[in-house]
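Chains as they are written, first to last, in the numbering used here: chain A, 9 to 339; chain B, 12 to 566. What follows is a short report on a single structure.
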């Protein structure tokens, strides 16, 4: 028995466990539906309660001149002449059937529009998350077990990185790599080069957060009894580090990744705008500016779904990574 | 899609700049790049892709008949053309229409169309096509705002022959030709207009030197050369098809990224250039600055004369005298803009300036307010009359006013405070801003209005423009209600004699300026920067949109 602590306990009552599991899944689904409803409702009213006329916003780009006939036509076309609660119920009804409605401003259905932009943001967010993990792990593993100075440097770097605002970091990276060195484009390109600066902008601050958490739990783990017992079993220092301590240290970072994904999506609003990248963040920003309620609700709904899926994924990941025995209690 | 930008972004010779010292961490470093060796070659070369980066919002429809704003005009100038154009002096010149005549009563205009012009879908440019365009613009279903208003006096059209189209007007319109020169009234293929609006918005079909090839939303509009092009405007530099193979039209909302992309060679031309960027670019050998003010109204603050406190001309004058505009413009616009004292843009030939009326004179402002009964000051230093503070509510649209303008308003706020005005600046998004105007909840406001010709005065200062339409929309924000101004503008809008027209508009402008209804600031700014390797780019004088028909890449 090389790793007694990671062995799963033998299931005693398989059928009861299946039922428990089903209950857990149902609870989770109900929670997800509730979250989606709340998100849709809050977003709808938040955008609509700002004073102003969406019809004017639909027609009136800067410098345009709007005729009353055009305004009336637009109001009728989008149902804006209905009371607001009717519009809300209509919107909810459409959402329930999976129809995200039609954009006020973009002459397009929201569903295909948002799906078309989803890819760009997902690539950005997932790559950033991966890069942040690599950066954080590298720094954490380098600085632990290397004395107090290295630890101080590591944690100092992490604190600075975590505090960097996206827009500032983006500007510095553009000046450095695009204007000075001329090696990377400051705007999106059809190849991967355009992805480097946006990903760094999002990944560096996140790596700061993840790294802080990782180092702390890494240190705790290295001083824990199970590490002591592993050492006593004659495991090599490397084996202790990689197989036991790191695994332990990864747990809080994995749970944090669910939250991190959400923060990456919000960071995408800034990053996609600065680097002129197509994506949900930029769609959202434009839609908020012109009060395009269906698009705002659509983007927020899709982000909410992605967030829920990501939370489930981090749950699963921590179960796999968690070396401690599992019980069904509390699920 | 091949992206030549990849080839272009090889590191520029910046070694010198780096050696010069890391201390200068400014963007101005590209000034050290050397001119390309073949810069002396003036023979246009065909081929290549031009990448243009716009800071404007991406249009939601590429057909400028729908809605009708400046971002649409910028891009549609590449693939759509109008019946007439303007030359650099503002004179109307032929374009898709070869010639035109007007009846003595001014109610019938006949346009003879240019021979042998076809739309890029192969259909011919004929009288029926022009009729279809007028009908499209006047159809409420289209949702045209700018073009719709410009054709307000056109009662009907008729095909006299295949190549002659007659416009019948409900009243004479001295601004008809100027209106028709605008990109928002460009002529499109009748066959294409019959498609659904979604289809036409995605790829309008015109007669221009380029045609829309693809539009990937939030990324780029790609336009390719129209090889059968035959219809350059009278002032173009060559005949036949354009030199460029294609134009990639991108949207880079962030001002600093846009300039960085130009410096890095990823894009060839950028618009919406801010004053600080222009100042940086001035020191560069590889970047050219193009200053092309928009026509129509000047950039001005309109004082709401419809209610207190600006219903009193003395208070309006006091406010104008209390505002230090010249110093503000100089410091905030860094020499990129001149102070205006006209209601019209400096590119409008009929504009009248009154430099003496708008001098900064706090002593005169104090005297005017004392005379108007605003004699007391409260503990905050603001003037008070009958227990009411002298407050000026000033909603600012963050979508329409650039940061330097917003800072200028803050400087006005500061200098007006010394005289005792409390200027309440409120930064609002576009629809909230419209709502404040519709509710008459403002004392001062700055709203852009781009239109070719002095007829913009009628829209801005005729009392018809005060009554809010059912939508709440109106353009006479100063709420000028002067029968004499109304009469002058109405007559000027109908008269055909050019000299009499100019005199009427001059009288009207003087009355507006003398009435202190507006505080002119500067022209509506419209700055472009482009790489020196781009040759032959210019703006169409009508509304100052760039055209790349004569443009070629020298690299």
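Here a beta-carbon is modelled for each residue, glycine too, at the ideal position from N, C-alpha and C.
Check                                                                                                                   : Outcome
Start-end ranges of the alpha helix (DSSP H) lying completely within the stretch 146-199 of chain A, minimum 4 residues : 155-171 and 174-181
Chain B contact for residue 273 of chain A (CB, 8 Å cutoff)                                                             : no
Nearest neighbour of residue 9 of chain B, chosen from B:535, B:548, B:438 and B:70 [CA to CA]                          : An answer regarding residue 9 of chain B cannot be provided, because it is not within the stretch 12 to 566 covered by chain B.
C-beta contact flag for residue 309 of chain A and residue 143 of chain A at 8 Å                                        : no
Proximal residues, the stretch 133-155 of chain B versus chain A, C-beta separation under 9 Å                           : 151, 152, 153, 154 and 155
Residue span of the alpha helix (DSSP H) that contains residue 234 of chain A, given as start and end                   : 233-240
Pairwise C-alpha distance: residue 283 of chain B and residue 539 of chain B                                            : 7 Å
Partner residues on chain A for residue 109 of chain B, Cβ-Cβ distance less than 8 Å                                    : Near residue 109 of chain B there are no residues of chain A at all, since even the closest Cβ is about 30 Å away, more than 8 Å.
For residue 330 of chain B, the nearest candidate out of B:138, B:394 and B:305 (CA to CA)                              : B:394
Within chain A, the residues that residue 295 of chain B reaches when beta carbons sit closer than 9 Å                  : Correct list: empty, because the minimum Cβ distance to chain A is about 11 Å.
Local Cβ density within 10 Å of residue 160 of chain A, reported as buried at 16 or more and exposed below that         : exposed
Buried versus exposed, by CB contacts within 10 Å (16 or more), residue 176 of chain A                                  : exposed
Where the beta strand (DSSP E) containing residue 310 of chain A begins and where it ends                               : That residue, residue 310 of chain A, is in no beta strand (DSSP E); its alpha helix (DSSP H) goes 301-329.
Buried or exposed by the 16-neighbour rule on C-beta atoms within 10 Å, applied to residue 154 of chain B               : buried
Chain B residues whose Cβ lies nearer than 8 Å to that of residue 134 of chain A                                        : Correct list: empty, because the minimum Cβ distance to chain B is about 19 Å.
Residue 35 of chain A burial status per 10 Å Cβ neighbour count (16 or more: buried)                                    : exposed
N- and C-terminal bounds of the alpha helix (DSSP H) containing residue 467 of chain B                                  : 467-472
Buried/exposed call for residue 328 of chain A, threshold 16 Cβ in 10 Å                                                 : exposed
Listed by chain order, chain B residues near residue 186 of chain A by CB distance under 7 Å                            : 271 and 275
Test: residue 82 of chain A CB closer than 8 Å to a CB of chain B                                                       : yes
Residue 211 of chain B, DSSP secondary structure in three states                                                        : helix
Within 8 Å, strictly: CB atoms of residue 242 of chain B and residue 92 of chain B                                      : yes
Residue 92 of chain B - DSSP class collapsed to helix/strand/coil                                                       : strand
Terminal residues of the alpha helix (DSSP H) in which residue 494 of chain B lies                                      : 494-505
Span separating the alpha-carbon of residue 58 of chain B from that of residue 566 of chain B                           : 11 Å
Contact list for residue 194 of chain A against chain B, beta-carbon separation under 8 Å                               : 268, 271, 272, 275 and 277
Where residue 420 of chain B sits in the DSSP three-state scheme                                                        : helix
C-alpha distance - residue 260 of chain A paired with residue 225 of chain A, whole-angstrom precision                  : 8 Å
Selection of the stretch 294-327 of chain B by Cβ proximity to chain A, strictly under 7 Å                              : none
Helix, strand or coil at residue 106 of chain B [DSSP, three-state]                                                     : coil
Contact list for the stretch 255-289 of chain A against chain B, Cβ threshold 7 Å                                       : 281, 282, 283, 284 and 286
Neighbour flag for residue 62 of chain A against chain B, beta carbons, 8 Å                                             : yes
C-beta atoms of residue 194 of chain A and residue 186 of chain A nearer than 8 Å                                       : yes
Residue 90 of chain A in three-state terms, based on DSSP                                                               : coil
Cβ of residue 397 of chain B within 8 Å of any chain A Cβ                                                               : no
Residue range of the beta strand (DSSP E) that includes residue 260 of chain B                                          : 257-262
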